[in-house]
Amino acid sequence: MKAESQTLNETTLAEKGRLAIFLELVKARLTALVLLTTLVGFHLGWGGAMDYWLLFHALLGTALVASGASALNQFLEKHHDANMPRTADRPLPSGRLQPEIALLFGGVSSVAGLLYLALAVNLLTSVLGAVTLVSYVFIYTPLKRVTTLNTAIGAIPGALPPLMGWTAARNEITIEGWSLVAILFFWQLPHFLAIAWLYREEYAKAGFAMLPVFDRTGERTGSQAVSHTLGLLPVSLAPFAFKMAGPFYLAGALLLGLGFLWFAFRFSRGLDTIHARRLFYASIIYLPALLGLMVFDKLK
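In case it helps, the numbering used here puts the sequence shown at residues 76 to 375.
Right under this line is the structure:
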């Protein structure tokens, strides 16, 4: 009896271990952010009583595509990840998961997600999912080792999920949907510049062409962080201009944008780990707060 109980506990632990490995493979936190922005896009795009069943289909299909893209990204970068302490413990470079399994999982999940979106949501959302997948895995991922423009290029697939939510609700692309894309695009730039500055030595060792790797003084990194955050400020007001949100959102977006800009400015003046980390945390607070304002303003 005791032996059976011990065997059962070992099996349970093994299953939890496998689940944890796949959660790392699909970058669970990144996928959660993708789903959050998709949810907000759907909420803003939908008129009348919410169709929760359609929302479920949109989120499930998007989750499959996002998970597949992350798995394929880690498959392609496994050797480079092994050279970075920050990523060396990921499932593939650490040897906890076979590359063939990651490749199979990524391919099946991606295709299944695109088919699911086409059949359960609409073809337009599936096409946007395909654009996101291809640009992230086959354009952005290899360009990370070629050009410092990879951050801006990678921000394109990162900005498309809210548009997928919008098209899932409306089955059309409108300027309102593009305004959500613009917000996500500009937000990612200072966010990833802060990360790249914090880990610039690791990126250099792994062979990634991040701007701070070549910008030893940090002047270009700091100025770009400020300029992109400054560009985000008027873009974040677009939902008010397009009547997607009201004065409450306008006031909140202005305050958040000015606060974010302050941290970017402080980083550009300090150019050290402390200010880079503060900018990173400011970006983490900014986005969910802004999205929350959009949702709350529409609900009230």
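Built from N, CA and C at the ideal position, the CB exists for glycine as well. It should be emphasised that the depicted structure is a prediction, and the values quoted were computed from it without experimental measurement.
### Task
For the alpha helix (DSSP H) holding Glu152, just list the boundary residues, first then last.
No alpha helix (DSSP H) contains Glu152, which DSSP labels as neither H nor E.
### Query
Of all the options Leu129, Met285, Val301, Leu111, which has the alpha carbon lying nearest to the alpha carbon of Tyr191?
Put simply, of Leu129, Met285, Val301, Leu111 the residue whose alpha carbon is nearest the alpha carbon of Tyr191 is Leu129.
### Query
Out of curiosity, what's the CA-to-CA distance linking Arg344 and Ala144?
36 Å
### Query
When the Cα of Val221 is compared with those of Ala279, His266, Leu365, Leu147, which residue comes out closest?
Ala279
### Query
Any beta-carbon of chain C closer than 8 Å to the one on Gln299?
In summary, chain C is missing from the structure at hand, where a single protein chain is found.
### Query
Among Trp262, Asn246, Ala138, Leu235, which has the Cα closest to the Cα of Trp253?
Leu235
### Member of Ala351, Tyr211, Phe267, Glu251 whose CA lies at the smallest distance from the CA of Ala316
Nearest option by C-alpha distance: Glu251.
### Query
Is the beta carbon of Thr242 sitting closer than 8 Å to the one on Asn197?
yes
### Query
Going by the CB atoms, is the gap between Thr106 and Gly240 shorter than 8 Å?
no
### Task
Mind checking which residues open and close the alpha helix (DSSP H) that includes Trp262?
250-273
### Message
So for Gly345, helix, strand or coil by DSSP?
### Response
helix
### Task
List in chain order: all unbroken alpha helix (DSSP H) runs of 4+ residues lying wholly within the stretch 128-193.
153-156
### Message
Quick check on this structure: which residue in Gly327, Ala269, Ile96 has the alpha carbon closest to the alpha carbon of Leu346?
### Response
Ala269
### Task
Would you mind giving the Cβ-Cβ distance between Tyr361 and Trp272, rounded to the nearest angstrom? I have them listed as a contact below 8 Å.
Actually they are not in contact, since the Cβ atoms of Tyr361 and Trp272 sit about 17 Å apart, beyond 8 Å.
#### Entry: Buried versus exposed call for Ala244 [16 or more other C-beta atoms within 10 Å across all chains shown]
buried
### Message
Please classify Phe335 as buried or exposed, where buried requires at least 16 other C-beta atoms within 10 Å of its C-beta.
### Response
buried
### Message
Between which residues of its own chain and Leu88 is the CB-CB distance below 8 Å, once the five residues before and five after are set aside?
### Response
With a pLDDT of 47 at Leu88, under the threshold of 50, the predicted position of this residue should be treated as unreliable, though the coordinate-derived value follows. Hits under 8 Å: none found.
### Assumed close pair Val310, Ala257 - CB separation to whole angstroms, cut-off 8 Å
5 Å
### Task
Give the C-beta separation of Leu264 and Leu238 to the nearest angstrom, bearing in mind that I take them to be a contact with Cβ-Cβ under 8 Å.
Wrong, their Cβ atoms sit about 18 Å apart, outside the cutoff.
### Query
Start and end of the alpha helix (DSSP H) containing Arg104?
103-120
### Query
Can you give the Cα-Cα distance for Pro314 and Leu365, rounded to whole angstroms?
11 Å
### Message
So, under 8 Å CB-CB, Phe260 and Ile231 are touching, yes? Tell me the CB distance rounded to an integer number of Å.
### Response
Going by Cβ atoms, the distance from Phe260 to Ile231 rounds to 7 Å, so yes, they are a contact pair.
### Message
Residues in the same chain with beta-carbon distance under 7 Å from Leu110, minus the five sequence neighbours each way, listed in chain order, please.
### Response
Only residues of its own chain outside the window of five on either side were considered, and among them Leu134, Thr137, Ala138 have a CB closer than 7 Å to the CB of Leu110, listed in chain order.
### Message
Taking the straight line between their C-alpha atoms, what separation do you get for Ala146 and Lys153?
### Response
10 Å
### Query
Which term fits Tyr215, buried or exposed, when burial requires 16 or more other beta carbons within 10 angstroms of its beta carbon?
buried
### Query
Going by other Cβ atoms of all chains shown within 10 Å of its Cβ, with 16 needed for buried, is Pro160 buried or exposed?
exposed
#### Entry: 8 Å CB neighbourhood of Pro168 in its chain, flanking five on each side removed
Lys153, His154, Asp156, Ala157, Thr162
### Query
When the Cα atoms are used, what is the spatial distance from Leu199 to Val206?
Per the coordinates, the alpha-carbon of Leu199 lies some 11 Å from the alpha-carbon of Val206.
#### Entry: Under 8 Å between C-beta atoms of Ala300 and Lys373
no
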